[in-house]
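Some notes on the structure that comes next.
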Amino acid sequence: MWTAVIPVKRLGAAKTRLRGAVPADRHPELALAMVRDTAAAVLSAASVAELLVVTDDPEVGAAVRELGARVVADPGGGLNAAMRFGADEAVGLSAHRAVLAGDLPALRPEQLDEALSGASGRAFVPDAAGIGTVLLAAPARRPLLPRFGGPSAAAHAESGAALLRGHWPGLRQDVDTAADLDAVLRLGAGGRTCGLLRELGRVTACAPAA
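Counting the sequence shown from 1 gives a position; our numbering is that position plus 268.
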């Protein structure tokens with residue numbers, strides 16, 4: 269069993285490259301919808317015993333607690349610091365830990381289960397472009413050593429993490445741009461994300477699960 273960790277920025281500062289995909293006043297709502305869909309999928313995975321969310325945003329904290337997640341405050345220092353703190357300190361090295369991006373609204377629980385089943389040591393899953401990272405796993409007694417930001421897939425490989433290979437489109441498709449948002453809609457975005465975009469007229473119907 270794994271403990272999943274998701275770091276989430278304050279909604280007002282989240283997903284800056286995605287701005288313009290929806291009206292400006294609804295942007296924080298979109299960011300929260302994606303976090304909620306991601307958290308719901310993670311908590312539904314058979315291999316996940318607990319989800320820890322690292323955030324200073326009270327709205328995010330309330331939303332994920334409602335789903336069943338545990339919340340701890342962001343220690344500051346950026347994304348990698350939040351991941352290290354959540355995985356290695358708040359959860360602790362005695363557990364199997366996996367950190368994930370919080371913007372995976374097309375994630376399916378069975379895709380996460382399959383990916384984690386292949387992680388016997390430190391291991392990572394690259395994003396759909398093969399440049400970034402959407403998941404970094406560390407087994408018990410191994411530090412996480414996150415290298416997120418920029419070409420992090422290469423950085424994680426260079427750090428000794430194993431590349432996990434599989435057909436996991438919902439796991440690999442994070443959302444940084446409007447084109448990424450279109451991609452998750454084609455894959456089948458979670459109900460909260462798709463419902464919001466349907467309300468805003470960006471999509472007329474939600475695709476079935478990929």
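Quick reminder that beta carbons are idealized off the backbone N, C-alpha and C, glycines included.
Just so you know, these numbers come straight off a predicted model, no measurement behind them.
For the beta strand (DSSP E) containing Thr323, name the first residue and the last one. By one-based count along the sequence shown, residue 323 stands at place 55. Going by DSSP, Thr323 is part of the beta strand (DSSP E) stretching over 316–323.
In the region 396–440, which residue ranges form an unbroken beta strand (DSSP E) of at least 3 residues, counting only runs that do not cross its ends? Secondary structure in the region 396–440: the beta strand (DSSP E) runs of 3 residues or longer, each lying completely within the stretch, are 401–406 in chain order.
Would the beta-carbon of Leu431 be found less than 7 Å away from any heavy atom of the ligand MG? Absence of the ligand MG is noted for the structure shown, with no ligands found whatsoever.
Does the separation of the CB atoms of Ala457 and Pro373 fall below 8 Å? Taking the first residue of the sequence shown as position 1, residue 457 is located at position 189. Taking the first residue of the sequence shown as position 1, residue 373 is located at position 105. Contact flag set, yes.
How is the alpha helix (DSSP H) around Val290 delimited, first residue to last? To locate residue 290, count along the sequence shown from 1; it is residue 22. No alpha helix (DSSP H) holds Val290; DSSP gives it neither H nor E.
DSSP three-state call for Arg390: helix, strand or coil? Within the sequence shown, numbered from 1, the residue matching residue 390 stands at position 122. In the structure shown, Arg390 sits in coil (DSSP, three-state: anything other than H, G, I, E or B).
Spatial neighbours of Thr461 within its chain, please: C-beta separation below 6 Å, excluding the five flanking residues on both sides. Locating residue 461 in the sequence shown gives position 193, counting from the first residue. So the qualifying residues of the chain are Ala301, Met302, Asp305, Pro373.
To the nearest whole angstrom, what separates the beta carbons of Val309 and Leu380, a pair I think is in contact under 8 Å? By one-based count along the sequence shown, residue 309 stands at place 41. By one-based count along the sequence shown, residue 380 stands at place 112. Note that residue 309 corresponds to Ala in the displayed sequence, not to Val. Contact annotation, Ala309 with Leu380: C-beta distance approximately 7 Å; criterion of less than 8 Å satisfied.
Less than 8 Å between the beta carbons of Val273 and Arg365, yes or no? Here the question's residue 273 lines up with position 5 in the sequence shown. Here the question's residue 365 lines up with position 97 in the sequence shown. Cβ distance < 8 Å, so Val273 and Arg365 count as in contact.
Rounded to the nearest angstrom, how far is the Cβ of Ala307 from that of Leu286, given a contact under 8 Å? Looking up residue 307 in the sequence shown gives position 39. Looking up residue 286 in the sequence shown gives position 18. Not really, about 18 Å apart at Cβ, beyond 8 Å.
Have a look at Ala405, Leu404, Gly370 and flag the residue whose alpha-carbon is nearest the alpha-carbon of Lys283. Taking the sequence shown and counting its residues from 1, one reaches residue 283 at position 15. Among Ala405, Leu404, Gly370, the Cα nearest to that of Lys283 belongs to Gly370.
Who pairs with Leu368 in a beta bridge, going by DSSP? Position 100 of the sequence shown, counted from the start, is the residue given in the question as residue 368. For Leu368, which the question treats as bridged, DSSP gives the partners Leu403.
Please report the straight-line C-alpha distance between Ala337 and Leu413, rounded to a whole angstrom. What you label residue 337 is simply residue 69 of the sequence shown in a count that begins at 1. What you label residue 413 is simply residue 145 of the sequence shown in a count that begins at 1. For Ala337 and Leu413, the distance between alpha carbons rounds to 23 Å.
Per the contact definition of three or more C-beta pairs closer than 8 Å, is the region 440–447 in contact with the region 416–425? Short answer: they don't touch.
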